[in-house]
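To keep things clear, I will list the structure first and then write my remarks on it.
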Amino acid sequence: MSKPIRPALLAALGTTLLLSACGTTADKAAPSSPAAAPSTAPSSTSSPAPSSSAPPSAPRQPQRVVVLDPGHNGGNAEHPEQINRKVPAGRGVLKACNTTGTSTNAGYPEHAFTWDLAAKIRASLAAKGVRVVLTRDSDSGVGPCVNERAAVGNKAEADAVVSLHADGANSAKAHGFHVSYPSPPLNAEQGEPSAQLAGSVRDAMRGDGLATSTYLGENGIYPRKDLGGLNLSTRPAVLVECGNMRNTSDSATFTSSAGRQHYADAITAGILAYLDKEH
């Protein structure tokens, strides 16, 4: 037979049971057991979720490609049988493979001018991350023919093709540069893209203090349909006649390394301006 519970003990026991059933505020905040955690909680070995504030990685841009076509070549004059043979020049016309080019009255040849100019432009473009392809690899070879030069730009899928020349106008008063593009166009790239490239190069050259032509074209632009390298191009293409080698002022600039650098800087700026607009 059990003994009766004394009133004092009963009161104490009731207080304890009441506290256990209600719990404290701290007891409510804490989970009663690790087992009570949701089954979908990540394990301690899971990688943390990426921060929503992290910037997305930028897509990698393809490298821009420019083909430079330094006019003529140092060995052309000694091989007339090669450079005089007829090759396709576009628009159903055959023309001579290439020519010897012109020279200043003192004998400085166009092929040497364009070769050095191309080297300077190539260095400046390469410094900006542009891949540059030349249509000839020396200033002592023969050719290439105009159709082969055009094929270089087409094969490289160039973003821009720039042919470099200097004129040999008979009038000593004729001076200044002009930029030609194919017109009327034979494909889409010869249309607006080539016209925009011509405009960008013209604007940069004129903006750098170089005078536009006084004898060909208008405001430094001279569209043409008789240039094989332009006619056969499937890429945006222009030809820059930097000036007249028979003119005293132009020839003095051509024969100076600083003068050639001036042309190179201006043409480079024009090419880059076009590339930045197109990309």
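Numbered according to the numbering used here, the sequence shown spans residues 367 to 645. Cβ atoms here follow ideal geometry from the backbone N, Cα and C, with glycine treated the same way.
Going by DSSP, name the residue or residues bridged to residue i.
{"i": "PHE543", "result": "THR578"}
{"i": "LYS461", "result": "VAL453"}
{"i": "LEU434", "result": "LEU500, VAL528"}
{"i": "ASP533", "result": "ASN610"}
{"i": "PRO475", "result": "SER469"}
Should residue i go down as buried or exposed, given a rule of 16 or more other Cβ atoms within 10 Å for buried?
{"i": "GLU476", "result": "buried"}
{"i": "GLY389", "result": "In this prediction, GLY389 has a pLDDT of 39, which is less than 50 and means its spatial position is unreliable; what the coordinates show is noted afterwards. Burial call: exposed."}
{"i": "ASP482", "result": "buried"}
{"i": "ASN597", "result": "buried"}
{"i": "VAL545", "result": "buried"}
{"i": "ALA484", "result": "buried"}
{"i": "THR382", "result": "With a pLDDT of only 39 at THR382, under 50, the local geometry of the prediction cannot be trusted, and the value read off the model is given with reservation. With fewer than 16 Cβ atoms within 10 Å of its Cβ, THR382 is classed as exposed."}
{"i": "ASP503", "result": "exposed"}
Taking the straight line between their C-alpha atoms, what separation do you get for residue i and residue j?
{"i": "ASN439", "j": "GLY573", "result": "30 Å"}
{"i": "PHE479", "j": "THR621", "result": "8 Å"}
{"i": "ASP533", "j": "GLY437", "result": "11 Å"}
{"i": "ARG612", "j": "GLY625", "result": "16 Å"}
{"i": "THR600", "j": "ASN536", "result": "33 Å"}
{"i": "VAL553", "j": "LYS461", "result": "Sequence inspection shows Asn at residue 553; the Val mentioned does not correspond to that position. Their backbone Cα atoms lie some 21 Å apart in a straight line."}
{"i": "SER506", "j": "GLY565", "result": "32 Å"}
{"i": "GLY575", "j": "ASN450", "result": "37 Å"}
{"i": "ILE487", "j": "ASP525", "result": "16 Å"}
{"i": "LEU638", "j": "TYR547", "result": "18 Å"}
{"i": "PHE543", "j": "ALA570", "result": "12 Å"}
{"i": "SER560", "j": "ALA603", "result": "5 Å"}
{"i": "ASP616", "j": "VAL518", "result": "30 Å"}
I think residue i touches residue j, with their Cβ atoms under 8 Å apart; what is that distance to the nearest whole Å?
{"i": "ASN513", "j": "PRO454", "result": "5 Å"}
{"i": "ARG430", "j": "LEU641", "result": "5 Å"}
{"i": "VAL648", "j": "VAL499", "result": "Summary: the structure shown does not reach residue 648, with the chain confined to residues 367 through 645, and so no result is reported for it."}
Answer yes or no: the CB of residue i versus the heavy atoms of the ligand NAD, is any distance below 8 Å?
{"i": "ALA485", "result": "The model depicted lacks the ligand NAD and carries no ligand whatsoever."}
Ignoring anything shorter than 4 residues, give me the alpha helix (DSSP H) runs that lie fully in the stretch 545 to 612, in order along the chain. 558 to 573, 594 to 597
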